[in-house]
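Heads up: the sequence shown begins at -5 in our numbering, then just goes up one per residue. Idealized CB from N, CA, C, for every residue including glycine. Fair warning: this is a prediction, and the values are worked out from it, not measured in the lab. Everything on this sheet refers to the single structure shown next.
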Amino acid sequence: MTKADLVEKVAAQVNLTKKDTEVVIDTIFDSISKALALKNDAKVELRGFGSFRVRRRRARQGRNPQTGNPVQVPAKRVPYFKPGKELKALVDS
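What follows is the structure, encoded as structure tokens:
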């Protein structure tokens, strides 16, 4: 499902225009993104759906696939989604 598909489905269910629905969906995604971008390791929890949080990856030794030379890969923060029990049950049924 693409964002356009999501906008279309939500607009049909709540009787909003596609443009208004897109604004709402963009605002939700933007709010989640901004919360995760904060340096305080915020967690965004949507009960019944799942939670978004930031995981830290350690620096590690990598390899350049073209030359085979070792490369130092720096530590970084990456977004992580953990599905909730209800979502897991729905997908598994």
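Under the three-state DSSP convention, the category residue i falls into
i	result
L10	coil
T15	helix
T21	helix
Which listed residue (the options) has its alpha carbon closest to that of residue i
i	options	result
G78	F23, S45, D24	S45
D35	V85, M(-5), P73, T(-4)	P73
Span separating the alpha-carbon of residue i from that of residue j
i	j	result
E39	I26	10 Å
F75	R47	7 Å
A(-2)	R41	24 Å
Check whether residue i and residue j have beta carbons under 7 Å apart
i	j	result
A53	A69	yes
Within the region 24 to 76, ranges of the alpha helix (DSSP H) (whole runs, at least 4 residues): none
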